[in-house]
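Numbering-wise (my numbering), the sequence shown opens with residue 64 and increments by one.
For glycine and all other residues, C-beta sits at the position ideal for the given N, C-alpha and C.
What follows is a short report on a single structure.
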Amino acid sequence: MARLAMGVLVRASSMGLLEGFTVRSLDRDVVLEALGRISRAGVGVGALASAGERGMRLVLERVVEALESSAVPEREWPGLVEMFGVDGLGELVGVSGSSIRRYAAGARRTPQDVAMRVHFLALVVGDLSGTYNEYGIRRWFSRARSALGGKAPGNILGGEWDPDARGPSRVRELARSLADMVGT
């Protein structure tokens, strides 16, 4: 249960849904506060509403599913810009720096295809955050990986790509496998 709760917290944090929220212990009150913040951002509302009748494990599983499938670009842009810089992020999601600035500032709506790439990238960063610090995460994207046929994740994700395509899926699988190693 603790591992599932941590998965929710890490994903939500990488998506920018827990801004200003500090986890000092992993207890029921902390998890409920995080779930409330996630719900107020419009993600997993139904799962939280049924918390009392379904049990915490099922609620957390449903929230993980909701986080995985719910792009929230207005929340995800700032953390990713901070992590990669405008130019580095632009290379990863196939968007110009000026567009990123407009999307991140809310001056322009993020197109759906770009929102899905940004969301995918936020989830990969979340997967890596238990294994690497920010510097290590940035380097992870630029170093060749044998599991990716000798390519760097950033080379696979550069430009306009589909998160459901084989290459990006392999990048996510690799990032998840690193997160799984930390949890075991």
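When Leu95, Gly199, Arg235 are compared against Leu186, the one with the closest alpha-carbon: Along the sequence shown, one-based indexing puts residue 186 at 123. Taking only the C-alpha atoms, the option nearest Leu186 is Arg235.
Minimum C-alpha distance to Gly153 - residue among Gly169, Val177, Ala170, Arg87: Residue numbering aside, residue 153 sits at position 90 when the sequence shown is read from its first letter. Residue Val177 is the option with its Cα nearest to Gly153.
Pairwise C-alpha distance: Ser161 and Arg120: What you label residue 120 is simply residue 57 of the sequence shown in a count that begins at 1. What you label residue 161 is simply residue 98 of the sequence shown in a count that begins at 1. About 42 Å.
Does the beta-carbon of Glu131 have 16 or more other beta-carbons within 10 angstroms, so that it is buried, or is it exposed? Position 68 of the sequence shown, counted from the first residue, corresponds to residue 131. Exposed, because fewer than 16 other Cβ atoms sit within 10 Å of the Cβ of Glu131.
Rounded C-alpha distance that separates Gly246 from Gln175: Reading the sequence shown from its first residue, position 183 is the one you call residue 246. Reading the sequence shown from its first residue, position 112 is the one you call residue 175. Residue confidence for Gly246 is low, a pLDDT of 48 falling below 50, so the modelled location carries little weight; the figure read from the coordinates is stated next. Computed Cα separation, rounded: 33 Å.
Starting from Phe183, trace the alpha helix (DSSP H) in both directions and tell me its first and last residue. For the purposes of this step, residue 183 is identified with residue 120 of the sequence shown, where counting begins at 1. Element bounds for Phe183: 175-191.
Smallest Cα separation from Asn196: which of Arg87, Met146, Ala65, Asp92? Position 133 of the sequence shown holds residue 196. Shortest Cα-Cα distance from Asn196 to any of Arg87, Met146, Ala65, Asp92 involves Met146.
Using beta-carbon positions only, say whether Ala129 and Ala110 come within less than 8 Å of one another. In the sequence shown, counting from the first residue as 1, residue 129 sits at position 66. In the sequence shown, counting from the first residue as 1, residue 110 sits at position 47. A contact, by the Cβ cut-off of 8 Å.
Do you know how far the Cα of Pro231 is from the Cα of Asp225? The residue you call residue 225 lines up with position 162 of the sequence shown. The residue you call residue 231 lines up with position 168 of the sequence shown. Cα-Cα distance, rounded: 7 Å.
Can you check whether the C-beta of Arg171 is within less than 8 Å of a C-beta belonging to chain B? Annotation note: the requested chain B is absent from the structure, which comprises a single protein chain.
Return the bridge partner residues of Arg201 from the DSSP annotation. As a position in the sequence shown, residue 201 is number 138, starting the count at 1. According to DSSP, residue pairing for Arg201 in a beta bridge does not occur.
Could you name the residues that DSSP lists as bridge partners for Arg208? Reading the sequence shown from its first residue, position 145 is the one you call residue 208. The partner list for Arg208 (beta bridge, DSSP) reads Lys214.
Mind checking which residues open and close the alpha helix (DSSP H) that includes Asp150? What you label residue 150 is simply residue 87 of the sequence shown in a count that begins at 1. 136-156 is the extent of the alpha helix (DSSP H) around Asp150.
Using 8 Å as the threshold, is the C-beta distance between Ala167 and Val188 below it? The residue labelled residue 167 in the question sits at position 104 within the sequence shown. The residue labelled residue 188 in the question sits at position 125 within the sequence shown. Not closer than 8 Å, so no.
Give me the Cα-Cα distance between Gly79 and Pro141, rounded to the nearest whole angstrom. Reading the sequence shown from its first residue, position 16 is the one you call residue 79. Reading the sequence shown from its first residue, position 78 is the one you call residue 141. Spanning the two alpha carbons is a distance of roughly 8 Å.
Distance, Cα to Cα, Arg201 vs Arg171? The residue given as residue 201 occupies position 138 in the sequence shown. The residue given as residue 171 occupies position 108 in the sequence shown. Distance between the alpha carbons of Arg201 and Arg171: 27 Å.
Comparing alpha-carbon positions, which option in Tyr198, Arg239, Arg164, Gly151 lies nearest Asn218? As a working mapping, residue 218 is identified with position 155 in the sequence shown. With distances taken between CA atoms, Asn218 lies nearest to Gly151 out of Tyr198, Arg239, Arg164, Gly151.
Cβ separation of Leu184 and Val156, assumed to be a contact under 8 Å, to the nearest whole Å: Translated into the one-based positions of the sequence shown, residue 184 becomes position 121. Translated into the one-based positions of the sequence shown, residue 156 becomes position 93. That pair is a contact at about 6 Å.
Just checking my contact of Ala104 with Leu72 at CB under 8 Å: how many whole Å lie between their CB atoms? Position 41 of the sequence shown holds residue 104. Position 9 of the sequence shown holds residue 72. In fact, because the Cβ distance is near 14 Å, the residues do not count as touching under 8 Å.
Arg100: which of Glu82, Arg87, Arg91, Leu89 sits nearest, CA to CA? On the sequence shown, residue 100 is found 37 positions in, with the first residue counted as 1. Among Glu82, Arg87, Arg91, Leu89, the Cα nearest to that of Arg100 is on Glu82.
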